[in-house]
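Asks: Could you have a look at this structure, given as structure tokens, before my questions?
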Amino acid sequence: MKIAVISDIHGNRLALEAVLDDIARQGVDGTFNLGDLVAGPMEPNWVLDILMDIDIPTVRGNHERALIDNPPEKLGPVDRFAQIQMEARHRGWINALPPTLSIVDDIFLCHGTPTSDEEPWLDGWWDGRTTTIPDHATVAAKAEGFDYPVLLCGHTHIPRAVRLRDGRLIVNPGAVGLQLNHGSPDARYATVELRGGKYYAAFHTVPYDHFAAARQAEANGFPQWRDALIAGWVGAKGLF
Ligand SMILES: [Fe+2]
Numbered sequence: 538m539k540i541a542v543i544s545d546i547h548g549n550r551l552a553l554e555a556v557l558d559d560i561a562r563q564g565v566d567g568t569f570n571l572g573d574l575v576a577g578p579m580e581p582n583w584v585l586d587i588l589m590d591i592d593i594p595t596v597r598g599n600h601e602r603a604l605i606d607n608p609p610e611k612l613g614p615v616d617r618f619a620q621i622q623m624e625a626r627h628r629g630w631i632n633a634l635p636p637t638l639s640i641v642d643d644i645f646l647c648h649g650t651p652t653s654d655e656e657p658w659l660d661g662w663w664d665g666r667t668t669t670i671p672d673h674a675t676v677a678a679k680a681e682g683f684d685y686p687v688l689l690c691g692h693t694h695i696p697r698a699v700r701l702r703d704g705r706l707i708v709n710p711g712a713v714g715l716q717l718n719h720g721s722p723d724a725r726y727a728t729v730e731l732r733g734g735k736y737y738a739a740f741h742t743v744p745y746d747h748f749a750a751a752r753q754a755e756a757n758g759f760p761q762w763r764d765a766l767i768a769g770w771v772g773a774k775g776l777f
């Protein structure tokens, strides 16, 4: 059994299409999506149309929650851009997304941690955009009570896997659509494979036309996103 895991597309259709193409070559049994689908000033509607079409198991991210819960005047400029673009069919689909999901007692999906879509799990990236690595006890505490062999999380945009002492595997695939601190523009995703009773994680980098995505962001009035998409690096101020 082999699955692909994607997260944090952030309205980047060109990156999503390149990743889905690469996944198609992997021969996986399924693909799972960990949220933050549309908050990005490129092509949020296209992203939603693709996701509604492929209809893979998906949890909502903190940005989906913000889009559902808030009127435009209460949103930041990027969320507002996405919300204004969305059509009724997109809203209905996003409203129905669960915050977490489990697949046949083996795999658990969440955006941040099992109990929060805001909290980071495997790293603390917002510390001035410097990555901090939490100790094992801190990571394990957030997994307590979630007895699945594989726990999948996103949100921090940083690919990482942690094997807990009891054997459970936590995997963050990194981000499809917005690289925060790699200094490399390539899209990221992960695969997880069950072989001989053990789960193995692998991370993938996918080149795509990030200059075209950057031009879309600029044309839509977000020059700071243009720079981040080209550099694969966001900088200390953040983008939202
Ligand atoms: Fe997020």
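Using the working numbering, read the sequence shown as starting at 538 and increasing by one per residue.
The C-beta atom is built at its ideal place from N, Cα and C for all residues, glycine as well.
Beta carbon of Asn599: closer than 6 Å to some heavy atom of ligand 1?
Replies: Yes, since a heavy atom of ligand 1 falls inside the 6 Å radius drawn around the Cβ of Asn599.
Asks: Using 10 angstroms around the beta-carbon of Gly758, count the other beta-carbons present and answer buried if the total reaches 16, otherwise exposed.
Replies: Gly758 comes out exposed.
Asks: Are the beta-carbon atoms belonging to Pro608 and Arg617 less than 7 Å from one another?
Replies: Cβ atoms of Pro608 and Arg617: not closer than 7 Å.
Asks: Identify the residues that DSSP records as bridge partners of Trp770: which are they?
Replies: According to DSSP, Trp770 bridges with Asn718.
Asks: Quick check on Tyr737: buried or exposed, where buried means 16 or more other Cβ atoms within 10 Å of its Cβ?
Replies: Exposed.
Asks: Using 7 Å as the threshold, is the C-beta distance between Leu571 and His627 below it?
Replies: No, Cβ-Cβ distance for Leu571 and His627 is not below 7 Å.
Asks: Measure the CB-CB distance between Ala750 and Asn549 and report whether it falls below 7 Å.
Replies: Going by C-beta atoms, Ala750 is nearer than 7 Å to Asn549.
Asks: With 16 other CB atoms within 10 Å as the buried threshold, where does Pro696 fall?
Replies: That one is buried.
Asks: Spell out the partners DSSP gives Phe645 in its beta bridges.
Replies: According to DSSP, which records beta bridges pairwise, Phe645 is partnered with Ser639 and Leu688.
Asks: Can you tell me whether Lys611 is buried or exposed, with buried defined as 16 or more other CB within 10 angstroms of its CB?
Replies: The residue in question, Lys611, is exposed, as its Cβ has fewer than 16 Cβ neighbours within 10 Å.
Asks: List, from N- to C-terminal side, the beta strand (DSSP E) runs of 3 residues or more that fit wholly inside the region 569–647.
Replies: Segments of the beta strand (DSSP E) lying fully in the region 569–647: 638–640 and 644–646.
Asks: If you count every other CB in all the chains shown that lies within 10 Å of the CB of Leu701, and 16 or more means buried, which is it?
Replies: So Leu701 ends up on the exposed side.
Asks: Among Leu766, Asp643 and Pro710, whose alpha-carbon lies nearest the alpha-carbon of Leu731?
Replies: Checked all of Leu766, Asp643 and Pro710; the closest Cα to Leu731 is Asp643.
Asks: Select from Val676, Lys539, Val729 and Thr693 the residue whose C-alpha is nearest the C-alpha of Leu717.
Replies: Considering only alpha carbons, the answer is Thr693.
Asks: For my contact list, Arg602 and Asp654 are in at a C-beta cut-off of 8 Å; report their separation, rounded to the angstrom.
Replies: At roughly 6 Å, the Cβ-Cβ gap stays under 8 Å, so Arg602 and Asp654 are in contact.
Asks: Helix, strand or coil, according to DSSP, for Pro678 in the structure here?
Replies: The question names Pro, but residue 678 is Ala in the sequence shown. Looking at Ala678 - three-state DSSP - the assignment turns out to be helix.
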